[in-house]
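K.L.:
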Amino acid sequence: MRLLLSLLPFLVLFCSLYSASATRKHHPASNIVRSSCRHATYPKICLRTLSNYAGPAKTPCDLAQAAVNVSLARARRVSGFLAQLSASFKGTKLQRSAIGDCVDLMSSSVDELSETLAELHHLRKETFRFQMSNAQTWLSAALTDDETCLDGIQEANVKAKAADVKRKITNAARVTSNALYLINRLDKSRRRPRSGP
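Add 10 to a position in the sequence shown, counting from 1, and you land on the number used in our numbering.
1. Applying the criterion that 16 or more other CB atoms from any shown protein chain within 10 Å of the CB defines a buried residue, is Ala97 buried or exposed?
2. By a C-beta neighbour count over all protein chains shown, 10 Å radius and 16 as the cutoff for buried, is Gln94 buried or exposed?
3. DSSP three-state label for Tyr191, please.
4. Considering Thr158, what are the terminal residues of the alpha helix (DSSP H) in which it resides?
5. If I'm right that Ala183 touches Leu149 with Cβ under 8 Å, what's the distance once you round it to whole angstroms?
6. Classify Ala76: buried if its beta carbon has 16 or more other beta carbons within 10 angstroms, exposed otherwise.
7. Taking C-beta to C-beta, are Asp174 and Phe99 nearer than 9 Å?
8. Identify the continuous alpha helix (DSSP H) that holds Thr126 and give its terminal residues.
9. By alpha-carbon positions, which one of Thr137, Asn188, Val168 ends up nearest to Leu123?
In structure tokens, the structure reads:
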């Protein structure tokens, strides 16, 4: 019995090390997220959002889809928030116009991200480059929409819920920027020249 008790700390240590090792082996998603997010525009946001989301991600394509999904979810939330704000907003004509423009821009962003996601779900080898070009164009447009919305809010000096508005739009733009980085990375990996004749 004493022998068993004296060995107990070693058994606990062995089991915890084995468990940690097994966890690393059975979670390749965390490795692909970490390596892919390392050079993203906003690496900490990339790691935080995709570590929680991308459980089934096993390939760069899975990860790109997860990133666009996250971006689409954020854009939808911001779009809904701005629509509610617009309905009750009382400010100058310029400020009301800026909020109204933002509602339209975020709605466009949602559409462009939806198009991107649909394209990524139907990638084919023979049309891969064309589809990647479409995805990059739509994501770039969504990012431009986010940034244009933010610029308009700042120029109009919108004060009502200004901190919330800026934070939500900035966050959506950063997540979209990371999604664009992962799409570009996926495209580059497929464009690398093959060895041989």
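All C-beta atoms, glycine included, are put in the ideal place defined by N, C-alpha and C.
P.N.:
Quick look at the numbers:
1. exposed
2. exposed
3. helix
4. 138–165
5. In fact, because the Cβ distance is near 11 Å, the residues do not count as touching under 8 Å.
6. buried
7. No, the Cβ-Cβ distance between Asp174 and Phe99 is not below 9 Å.
8. 103–131
9. Asn188
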